[in-house]
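Comments concern the structure below.
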Amino acid sequence: MGLYSKRHKTLAAVPDGATVTLPSDPVNAARALNILAQVGWVQVKPGTDPLVVSERDVVSNPKRLKLVPLEAAQAPRSLDDADVAAIPRATSPSPTGCA
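Just so we're aligned, residue 1 is where the sequence shown starts under this note's numbering, counting upward by one.
If you want it as structure tokens, here you go:
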């Protein structure tokens, strides 16, 4: 899982209110949300099992990100429309962009 962008070269360059696509399946969604929490873009409920974290567990979104779930296989295509896409490694493009 990685964060990718065609619009922004670094995580710091991603603006408030950015659109972030993430996989809709529970396993990859949890992985994506954990990454977003690690970089400080969202905060999840304390004590939440990181293996099952979901959008319902997000208690703070200080960057006011628009989280858009979609099928993991569609994530690479979302790079043209989203500011950032959380893409599982099996479907990820060559490493470019944010992370």
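Yeah, the Cβ is synthetic: ideal placement off N, Cα and C, and Gly gets one too. Remember, it's a predicted structure, so these values are computed and weren't measured experimentally.
Checklist entry - In terms of residue numbering, what span does the alpha helix (DSSP H) encompassing residue 37 cover? => result 26-38
Next on the checklist: So, for residue 69: in the same chain, excluding its five sequence neighbours on each side, which residues have a beta-carbon less than 8 Å away from its beta-carbon?
Outcome noted: 21, 22, 23, 24, 29 and 55
Checklist entry - In or out: residue 89 buried (at least 16 other Cβ within 10 Å) or exposed? => result exposed
Next on the checklist: What does the alpha-carbon distance come out to for the pair residue 83 and residue 75?
Outcome noted: 12 Å
Next on the checklist: Can you look up residue 76 in the DSSP assignment and give me helix, strand or coil?
Outcome noted: helix
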